[in-house]
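Enquirer: Have a look at this one.
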Amino acid sequence: MPGIDNSPKIFTPNNLHDLLSLASEYPDSLLFAGGTSIMQKWSKPEFELPEYIIDCGKIEDLKKIKRTERYLEVGALVPLSKIIGIGIHVIPKGLYQAVSLTAIPTIRQLATIGGNIYIGSPYSGILTVLYAMDSFLELRSFQKSMWVSLSELIIKTEKQRNLIPPGYILTRIRIPLGNWNHQIFKKIARKKSQAHGSLTFCGLAKTSKGILTDIRLCFGSLGNHLFRHRGFEAGMLGRKLPFNTKSIDTMISQLNQLLHPITDRYSTSEYRKTTSMRLVQWFLEELGRILI
Ligand SMILES: Cc1cc2nc3c(=O)[nH]c(=O)nc-3n(C[C@H](O)[C@H](O)[C@H](O)COP(=O)(O)OP(=O)(O)OC[C@H]3O[C@@H](n4cnc5c(N)ncnc54)[C@H](O)[C@@H]3O)c2cc1C
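So this is what it looks like as structure tokens:
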């Protein structure tokens, strides 16, 4: 007796219009971008084989990178290796560093930036930087297209998983360049290529005539959500650099009150908190040295 074939039906659209049309016709289909996360789940017994898969591999429209004076725009299907390939002089330094410290080269050839954002991991270094840079995401369905702020999605999404609302496909990421005078990304993990670690941190700062005019401090791996506190950032604006020891101490003790990291199998709450405060202290001291 012939067996029942329950292998998924695979669609391979050639362009964005066909992708959106298929996604609308088969709303329960699984979108396959680079497949790195899907293949990890596929090997687990609880993985339910989808009825339909939409393979996005041929959609060249979503594999483009464009830079203007004000922003960098990256197609959702751009593999991480391509972002690094463009180079540190074109890509914001913090983003370049975060992408370079994501996974290993063979995975980065496949893994897309859109897939990383969709997963929404609070451990993601890429998300830590995109959140600090106030990035925007273009979401599309067959009927609708909109730009939404990544911050809004991060704040709204419970447990910060599956950031893209159902029925939408992430098509482009717009990253304001911001003309930062100083930007850094740090990842603290046992192995730099590890998806989960103790901490990710992005610090951005802008100065004019020795005055701090903008600052962003964003942390990943502290809990269910990435951490950024706009009030804490705003409290530093308009101050003259370098900060003296007393004002740095005051800021660090304020941060101490705001941070409530978790303990998990990758790190302890105490270690995460101490390391976060040390990194911010170092960043603030650096500002004084670099920017005056
Ligand atoms: C060995 C390994 C190491 C890793 N290390 C790190 C690390 O150090 N740091 C880190 O942050 N991450 C890490 N990751 C995660 C990695 O970045 C993601 O697996 C990858 O970016 C997902 O992209 P993808 O194209 O492979 O997505 P896929 O596996 O194809 O898809 C993942 C999910 O996203 C959905 N999706 C994909 N694209 C879109 C889109 N455009 N619109 C809507 N939904 C979409 C898919 O439907 C699916 O549900 C690691 C992964 C592996 C396998």
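With our numbering as the guide, the letters of the sequence shown map in order to residues 64 to 355. Where is the CB? At the ideal position from N, CA and C, for every residue including glycine.
Tell me the DSSP bridge mates of M209?
Expert: L202, per the DSSP bridge assignment.
Enquirer: Output the distance between the C-alpha atoms of I232 and L82, rounded to the nearest integer angstrom.
Expert: In a straight line, the C-alpha of I232 is about 9 Å away from that of L82.
Enquirer: What's the gap between the Cα of I227 and the Cα of S284?
Expert: Their backbone Cα atoms lie some 20 Å apart in a straight line.
Enquirer: Assuming F295 is part of the alpha helix (DSSP H), what are its boundary residues?
Expert: Residues 293-297.
Enquirer: Which value, in whole angstroms, describes the spacing of the CA atoms of Y159 and L216?
Expert: For Y159 and L216, the distance between alpha carbons rounds to 23 Å.
Enquirer: For a test of your reading of the model: does the CB of N77 fall under 6 Å from any non-hydrogen atom of ligand 1? Yes or no.
Expert: N77 Cβ: outside cutoff for every heavy atom of ligand 1.
Enquirer: What is the rounded straight-line gap between the Cα of S163 and the Cα of I147?
Expert: Roughly 7 Å separates the two Cα atoms.
Enquirer: Compare the Cα-Cα distances from S70 to each of L79, N77, W105 and report the closest residue.
Expert: Of the listed residues, the one whose Cα sits closest to S70 is W105.
Enquirer: Determine, using beta-carbon pairs with one atom in the segment 142-156 and one in the segment 249-261, whether at least three such pairs fall under 8 Å.
Expert: Counting Cβ pairs under 8 Å, fewer than three are found: no touch.
Enquirer: Where does T75 sit, in a helix, a strand or coil, going by DSSP?
Expert: Here T75 sits in coil by DSSP.
Enquirer: My assumption, with CB atoms under 8 Å, is that F248 sits in contact with A161. Please give the rounded CB distance.
Expert: F248 to A161, Cβ: 5 Å. Contact.
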